[in-house]
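The structure under discussion appears below in the form of structure tokens.
Number of protein chains: 2
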Amino acid sequence: MNISEAAKLSGLAAKTIRYYESIDLLDLPRRGANGYRRYQDGDVQTLCFLRQARQFGFNIDQCRLLLALYKNPQRRSAEVHHLVSEKLAEVDAHIRELGETRDLLAQLVGACPNDEASGCSIIDTLAGQPEQVVAEKKR
Amino acid sequence: MNISEAAKLSGLAAKTIRYYESIDLLDLPRRGANGYRRYQDGDVQTLCFLRQARQFGFNIDQCRLLLALYKNPQRRSAEVHHLVSEKLAEVDAHIRELGETRDLLAQLVGACPNDEASGCSIIDTLAGQPEQVVAEKKR
DNA sequence: CTAAGCCTTACAGCAACTAGAAGGTCAAGG
DNA sequence: CCTTGACCTTCTAGTTGCTGTAAGGCTTAG
Chain A
3 MNISEAAKLS GLAAKTIRYY ESIDLLDLPR RGANGYRRYQ DGDVQTLCFL RQARQFGFNI
63 DQCRLLLALY KNPQRRSAEV HHLVSEKLAE VDAHIRELGE TRDLLAQLVG ACPNDEASGC
123 SIIDTLAGQP EQVVAEKKR
Chain B
3 MNISEAAKLS GLAAKTIRYY ESIDLLDLPR RGANGYRRYQ DGDVQTLCFL RQARQFGFNI
63 DQCRLLLALY KNPQRRSAEV HHLVSEKLAE VDAHIRELGE TRDLLAQLVG ACPNDEASGC
123 SIIDTLAGQP EQVVAEKKR
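Chains A and B are the protein sequences, given in the same order. To convert, count from 1 in the first sequence and add 2; that's this note's numbering. To convert, count from 1 in the second sequence and add 2; that's this note's numbering.
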């Protein structure tokens with residue numbers, strides 16, 4: 003199959019597939035007589051793997067590692083487990099951080115008069131020195 | 003004060019301040035006889051404002067809007083309220099999305115044997131077609 | 001024969017900085 | 001007076017993970 007078919011099946015953009023190839027994340031595919039890239043079912047599996055890994059938040063270098071494990075029948079599942087639980091911890095931390103941000107934003111929204119006047123606690127808070135917000139964060 | 007002092011007080015990197023200037027987010031500051039940028043307390047307030055707004059997740063263009071409101075004594079607090087509650091909704095959506103990702107990752111971590119053998123449900127799941135994960139997502 | 005819809009490469013641009021080079025300025029110490 | 005180190009200046013290029021655009025070749029249907 004050609005690249006657009008592989009793209010459709012894998013959920014990646016054709017551009018993205020070429021890009022992955024250009025950064026050596028993917029092996030060079032076989033080419034047809036016309037110079038077109040040709041993909042097999044196994045290649046599509048690999049593309050799917052990458053798409054999912056990216057969706058899970060793994061960056062390109064982490065995908066490289068995961069892909070190496072994926073392709074290596076001698077892998078130890080513990081290695082995979084390690085990578086994934088690290089990512090889980092990262093995502094958890096990110097969520098906590100965003101949660102704090104959300105709470106602060108909600109505070110701002112709640113405290114703003116939301117009217118035609120110029121007085122605005124949001125503006126006042128944002129203009130304040132860092133410590134003020136940090137202090138509120140701790141409460 | 004010079005730029006590094008303003009940077010320290012505001013919590014922004016000196017490089018970032020110059021960058022903000024280069025994209026017209028900040029006005030050109032006065033310069034000393036030696037060509038060094040000179041900042042006043044009011045400038046530091048503005049820098050703090052930007053730092054906080056960025057930390058709250060506003061992008062540069064949104065910061066431009068917020069900054070205009072900040073500097074405009076004729077602003078209506080409702081405008082500020084609008085911008086901030088939109089951001090709150092965005093952050094909320096982002097958190098929900100990340101929450102789903104986290105749950106899926108936790109599932110993967112839990113299902114992996116985490117041993118010396120090569121069999122690994124994580125690898126298997128990642129290699130699967132999109133629908134499989136989507137289906138799990140819905141459960 | 002031509003129009004569309006693929007495919008190819010290569011270069012540019014996005015956000016929001018960050019790093020580095022190459023050089024000017026300033027204050028303190030020997 | 002000279003040097004050293006910490007500032008400051010501008011400029012260019014790199015980061016991440018693509019995405020857009022241009023300019024051209026292949027393929028297939030009408």
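Yeah, the Cβ is synthetic: ideal placement off N, Cα and C, and Gly gets one too.
Counterpart residues of residue i in DSSP-defined beta bridges
i	result
R33/A	R39/A
Closer than 8 Å at the beta carbon, the chain A residues around residue i
i	result
R104/B	L90, V93, D94 and I97
L14/B	Result: empty, since nearest Cβ-Cβ is about 10 Å, beyond 8 Å.
Through-space distance from residue j to residue i, alpha-carbon basis
i	j	result
K10/A	E118/B	36 Å
D29/A	D126/B	21 Å
Y21/A	R32/A	16 Å
D76/A	S120/B	What sits at residue 76/A in the sequence shown is Gln, not Asp. Approximately 6 Å between the Cα atoms of the pair.
C114/A	V82/B	8 Å
V46/A	D105/A	42 Å
G59/B	K89/B	8 Å
Q57/A	R40/B	46 Å
C122/B	T48/A	16 Å
L110/B	S79/A	12 Å
H84/B	A108/A	12 Å
C65/A	T18/A	14 Å
L14/A	L71/B	41 Å
L220/A	H96/A	Here chain A comprises residues numbered 3 to 141, so residue 220/A is not present and cannot be evaluated.
K73/B	A129/A	11 Å
A35/A	Q54/B	57 Å
A8/A	A16/A	8 Å
A92/A	G112/B	Before going on, a small fix: residue 92/A reads as Glu here, not Ala. Roughly 16 Å between the two C-alpha positions.
L100/A	Y38/A	45 Å
S6/B	G44/B	16 Å
M3/A	I62/A	25 Å
E102/A	D94/A	13 Å
Q42/A	S12/B	55 Å
E23/A	E23/B	38 Å
N116/B	N116/A	53 Å
R98/A	R98/B	12 Å
Within chain B, partners of residue i - CB distance below 9 Å
i	result
S79/A	C114, P115, N116, D117, E118, A119, S120, G121, C122, S123, I124 and I125
A55/A	L128
Closer than 7 Å at the beta carbon, the chain B residues around residue i
i	result
L110/A	V86
G101/A	I97
Q64/A	Neighbours of Q64/A on chain B: none; closest Cβ ~12 Å, over 7 Å.
L107/A	F58, V86, K89, L90 and V93
Nearest-angstrom beta carbon gap, residue j and residue i [assumed within contact, 8 Å]
i	j	result
V86/A	I124/B	6 Å
L69/A	F51/A	7 Å
Contact set between residue i and chain A, taken where Cβ atoms lie within less than 9 Å
i	result
L67/B	Within chain A, no residue comes near L67/B; the closest Cβ sits about 12 Å away, beyond 9 Å.
Proximity test, residue i beta-carbon vs the ligand ADP heavy atom, cut-off 6 Å
i	result
R32/A	The ligand ADP is absent from the structure shown, which contains no ligands of any kind.
Under 7 Å (Cβ pairs) to chain B, residues found in the stretch 20 to 48 of chain A: Against chain B - using a Cβ distance shorter than 7 Å - the residues of the stretch 20 to 48 of chain A are Q47.
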